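Below: one structure, written as structure tokens.
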Amino acid sequence: MTGAQQVDGADVGAAVASLAVHQLAFAYPDGHQALFGVDLSINRGERVALLGPNGAGKTTLVLHLNGILTAGHGTVTVAGLPVNRENMREIRRRVGVVFQDPDDQLFMPTVREDVAFGPANLGLRGDELDARVRHALDQVGMLAFVDRRPHHLSYGQRRRVAVATVLAMRPEILVLDEPSSNLDPASRRELAEILLDLEVTTLMVTHDLPYAMELCPRSVILDEGVIAASGPTRELLCDGELLRSHRLELPFGFDPASLPAR
Amino acid sequence: MSAGHTHELYRPADTPVHHLPPQCKLVAVLVFVLVVVATPRDQFWAFAVYALALCAVAAVAHVPAGVVVRRMTVELPFVAFALLLPFVASGERVDVLGLSLSAHGLLGAWNVLAKGTIGVVASILLAATTEPRTLLLGLERLNMPALIVQIMSFMFRYAEVITGEMHRMRIARESRGFQARDLRQLRAVAQSAGALFIRSYERGERVHLAMLSRGYAGSMPVVVDVRAGAAQWGAAGLLPLVALVVAVTAWSLK
């Protein structure tokens, strides 16, 4: 359950990055500019935390990764495929976004139908679809709940099913928006164990710094619409001056220097 | 379906009635109710046969009488209305226990009560033996427009989420000393309702985003198949068929 199976981006040295964001800028129709030229590259198998205070543009960036928002300037490519209107279907298969509130993510009447929604949109049917659903639920340890209604699951269980709904699409990159929010410590640990076991490129958007430290060898800090820093998570978290200047804070008593680097 | 939480109206069991495809049951209940309503009201025996037929269905479906009776309370407002009829209706009067009642009204009350009750019991049995989710699948099979089925399915999914939000807002109001005593407090309640509407609207937008992110392109994939064979249509048709024979006989005896 530790990072034994974890694949570091540096080791794989994939020829094509799972995700490449180049000079991405975006302004909302009301004129509010959220992103001012973001550059970000994530190698296959890497797990990266995207840190930043509220209002830094994290969610706006996430919505560009699967083409919900389209870039005002710059490009996003997923495993070599540019995000544009023609590629939308394939892009949405490759980028699995898990939104913050599992009640938004789980909109079907039963867990089974919800996990099947994505792969069914990709054209899977019958036994193949069923196998996908079962495998994805098995990966998050929720197979026993396949016929439950989402409303009757605990918050932590719903978050895990939400992860399964995108795993069922076999994504190139998993994007998690605040995965630890509203979870009790046990659910938080269970989710961390599951995420560490998945062999998939992951971008985790969070301001939960210990969680980033636990799960992601590398972090980037997004603030005021640009990438302000990038490096090994432990190094970034040990730089108190850097954190302070971007309104990031370690919880009381947490000392990243005392932990081994991932 | 595995053991687990289901809708409160649904009573999981392993009976032939539970196993019938939802669209068959829907059509059977609809035809049955139409036939009951079309039965002449003064053929009292016919209604006894309908009631017996429903009892038989309940017995086969293992739905206890107590459950049916408890759920019949939804009918109470109509019962009150029906009970008023003999007092307010015009026409020839009869004396019942010292009260002067309208004969016409009595018959009218009986008509509302008998047909209403039979309809309510039929719906209770349908709800007790069919999961709401499969009911929606049944509607889809019956060519209900996909958009309407989608809306109903989202309503089914989010009703509890929204009532939960409403409940939390009420607790938050009352925790700050709010008590809804009279109309002057309406403003606060109306504002809560407005806030709830906006929250739900925003949730709708977020759900739509989540759907788009998983490749939604305007139509829901049909994942669960609930096809019905001739045998199943035949089994479901038993109840309306019995009713039809009774109704035709009742009309011919009239």
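Line by line, the protein sequences are chains D and X. Residue numbering for the first sequence follows the numbering used here, starting at 1117 and increasing by one per position. Residue numbering for the second sequence follows the numbering used here, starting at 2 and increasing by one per position. Built from N, CA and C at the ideal position, the CB exists for glycine as well. Computed from a prediction, not measured in an experiment: that's the story for all the values here.
Can you tell me whether residue 164(X) is helix, strand or coil according to DSSP? On the second sequence, position 163 is the one that residue 164(X) refers to. Looking at residue 164(X) - three-state DSSP - the assignment turns out to be helix.
Go through its chain and collect everything with a Cβ distance to residue 1264(D)'s Cβ below 6 Å, but skip five positions before and after it. Translated into the one-based positions of the first sequence, residue 1264(D) becomes position 148. Excluding sequence neighbours, residue 1264(D) sits near 1227.
Could you tell me which of 215(X), 138(X), 28(X), 114(X) sits nearest to residue 52(X), measuring between CA atoms? On the second sequence, residue 52(X) is found 51 positions in, with the first residue counted as 1. Out of 215(X), 138(X), 28(X), 114(X), 114(X) has the C-alpha closest to the C-alpha of residue 52(X).
For the alpha helix (DSSP H) containing residue 82(X), name the first residue and the last one. In the second sequence, residue 82(X) corresponds to position 81, counting from 1. Element bounds for residue 82(X): 77 to 89.
Taking a cut of 9 Å between CB atoms, which residues from the region 1130 to 1147 of chain D lie near chain X? Listed in sequence order: no entries.
Nonlocal neighbours in the same chain, by C-beta distance under 8 Å from residue 173(X), ignoring five residues either side: The residue labelled residue 173(X) in the question sits at position 172 within the second sequence. So no residue of the chain qualifies.
Out of 1286(D), 1149(D), 1326(D), 1254(D), state which residue places its alpha-carbon closest to the alpha-carbon of residue 1376(D). In the first sequence, residue 1376(D) corresponds to position 260, counting from 1. Distance check between residue 1376(D) and each of 1286(D), 1149(D), 1326(D), 1254(D) places 1326(D) closest, using alpha-carbon atoms only.
Count the other CB atoms within 10 Å of the CB of residue 255(X); is the residue buried (16 or more) or exposed (fewer)? Translated into positions along the second sequence, residue 255(X) becomes position 254. Exposed.
Is there a C-beta anywhere in chain X that falls below 8 Å from the one on residue 1273(D)? To locate residue 1273(D), count along the first sequence from 1; it is residue 157. At least 8 Å separates the CB of residue 1273(D) from every CB of chain X.
Candidates 1152(D), 1232(D), 1164(D): which alpha carbon is nearest residue 1380(D)'s? Missing from the structure shown is residue 1380(D); chain D here goes from 1117 to 1378 and no further.
For residue 1281(D), decide whether its Cβ has a neighbour in chain X, counting only Cβ atoms nearer than 8 Å. Translated into positions along the first sequence, residue 1281(D) becomes position 165. Taking Cβ atoms only, chain X reaches closer than 8 Å to residue 1281(D), which makes this a yes.
Distance, residue 144(X) Cα to residue 1316(D) Cα: In the first sequence, counting from the first residue as 1, residue 1316(D) sits at position 200. In the second sequence, counting from the first residue as 1, residue 144(X) sits at position 143. Approximately 41 Å, taken between the alpha carbons.
Residue interval of the alpha helix (DSSP H) (run including residue 220(X)): Counted from its first residue, the second sequence places residue 220(X) at position 219. Looking at the DSSP string, residue 220(X) is not in any alpha helix (DSSP H), and its letter there is neither H nor E.
On the CB-based measure, 16 or more other CB atoms within 10 Å of its CB, does residue 1373(D) come out buried or exposed? Taking the first sequence and counting its residues from 1, the one referred to as residue 1373(D) is at position 257. It counts as exposed.
To the nearest angstrom, report how far apart residue 235(X) and residue 9(X) are at their CA atoms. By one-based count along the second sequence, residue 235(X) stands at place 234. By one-based count along the second sequence, residue 9(X) stands at place 8. Near 29 Å, if we compare the C-alpha coordinates of residue 9(X) and residue 235(X).
Ordered along the chain, which non-local residues of its own chain (more than five positions away) have a Cβ less than 8 Å from that of residue 1198(D)? In the first sequence, counting from the first residue as 1, residue 1198(D) sits at position 82. Cβ within range, chain order: 1191, 1192.
For residue 1170(D), count neighbouring C-beta atoms within 10 Å of its own C-beta (all shown protein chains included) and say buried if the count is 16 or more, exposed if not. As a position in the first sequence, residue 1170(D) is number 54, starting the count at 1. With fewer than 16 Cβ atoms within 10 Å of its Cβ, residue 1170(D) is classed as exposed.
Quick check on the burial criterion: 16 or more other C-beta atoms within 10 angstroms. Buried or exposed for residue 78(X)? Position 77 of the second sequence, counted from the start, is the residue given in the question as residue 78(X). Exposed.
Applying the criterion that 16 or more other CB atoms from any shown protein chain within 10 Å of the CB defines a buried residue, is residue 1147(D) buried or exposed? Residue numbering aside, residue 1147(D) sits at position 31 when the first sequence is read from its first letter. Result: exposed.
Could you spell out where the alpha helix (DSSP H) holding residue 187(X) opens and where it closes? Locating residue 187(X) in the second sequence gives position 186, where the first residue counts as 1. Where residue 187(X) is concerned, the enclosing alpha helix (DSSP H) stretches over 187 to 214.
Out of 1334(D), 1306(D), 1220(D), 1313(D), which has the shortest C-alpha to C-alpha gap to residue 1319(D)? Start at 1 with the first residue of the first sequence, and residue 1319(D) comes out as number 203. When each option's Cα is compared against that of residue 1319(D), the closest is 1334(D).
Hey, could you find the ends of the alpha helix (DSSP H) residue 66(X) is sitting in? Here residue 66(X) corresponds to residue number 65 of the second sequence, with the count starting at 1. Where residue 66(X) is concerned, the enclosing alpha helix (DSSP H) stretches over 66 to 72.
Residues of the region 1233 to 1244 of chain D in Cβ contact with chain X at a cutoff of 7 Å, in chain order, please. Hits within the stretch, in order: 1233, 1234, 1236, 1237, 1238.
Residue 1220(D), DSSP secondary structure in three states: For the purposes of this step, residue 1220(D) is taken as the residue at position 104 of the first sequence. Helix at residue 1220(D).
Between the CA atoms of residue 1356(D) and residue 1367(D) - distance to the nearest angstrom: The residue you call residue 1367(D) lines up with position 251 of the first sequence. The residue you call residue 1356(D) lines up with position 240 of the first sequence. For residue 1367(D) and residue 1356(D), the distance between alpha carbons rounds to 12 Å.
Got a sec? Which residues, its chain only, sit under 7 Å from residue 1285(D) by beta carbon, not counting five neighbours each side? As a position in the first sequence, residue 1285(D) is number 169, starting the count at 1. Excluding positions up to five away in sequence, the list reads 1209, 1212, 1234, 1235, 1238.
For residue 1224(D), go through chain X and note every residue whose CB falls closer than 8 Å to its CB, in chain order. Residue mapping note: residue 1224(D) aligns to position 108 of the first sequence, counting from 1. Correct list: 154, 158.
Which of helix, strand or coil does DSSP assign to residue 1149(D)? One-based indexing of the first sequence puts residue 1149(D) at position 33. In this structure, residue 1149(D) counts as strand in the three-state DSSP scheme.
Contact criterion: CB-CB distance below 8 Å. Does residue 1128(D) meet it with respect to chain X? Within the first sequence, residue 1128(D) is the residue found at index 12, counting from 1. Confidence at residue 1128(D) is low in this model, with a pLDDT of 43, below 50, so its placement is unreliable and the value that follows should be read with caution. For residue 1128(D), the closest Cβ of chain X is not nearer than 8 Å.
So the candidates are 119(X), 124(X), 215(X), 190(X); which of them puts its Cα closest to the Cα of residue 1204(D)? Along the first sequence, one-based indexing puts residue 1204(D) at 88. Closest by C-alpha distance to residue 1204(D), out of 119(X), 124(X), 215(X), 190(X), is 215(X).
For residue 40(X), count neighbouring Cβ atoms within 10 angstroms of its own Cβ and tell me buried if that reaches 16, exposed if not. Here the question's residue 40(X) lines up with position 39 in the second sequence. It counts as buried.
Residue 118(X) to residue 73(X) span [Cα, whole Å]: Translated into positions along the second sequence, residue 118(X) becomes position 117. Translated into positions along the second sequence, residue 73(X) becomes position 72. Roughly 8 Å separates the two Cα atoms.
Assuming residue 64(X) contacts residue 129(X) under a Cβ cut-off of 8 Å, what Cβ separation, rounded to an integer in Å, is found between them? For the purposes of this step, residue 64(X) is taken as residue 63 along the second sequence, with counting starting at 1. For the purposes of this step, residue 129(X) is taken as residue 128 along the second sequence, with counting starting at 1. Correct: roughly 5 Å between the Cβ atoms.
Would residue 1270(D) count as contacting chain X if we go by Cβ distances under 8 Å? For the purposes of this step, residue 1270(D) is taken as the residue at position 154 of the first sequence. No - not a single Cβ of chain X is within 8 Å of the one on residue 1270(D).
Which of the residues in the region 1157 to 1187 of chain D, read from start to end, lie with their CB under 9 Å from any CB of chain X? When C-beta distances to chain X are compared with 9 Å, the residues of the region 1157 to 1187 of chain D below that value are 1179, 1182, 1183, 1184, in chain order.
Does residue 222(X) get closer than 8 Å to chain D when you measure Cβ to Cβ? As a position in the second sequence, residue 222(X) is number 221, starting the count at 1. Contact with chain D is found for residue 222(X), since one of that chain's Cβ atoms lies less than 8 Å from the residue's Cβ.
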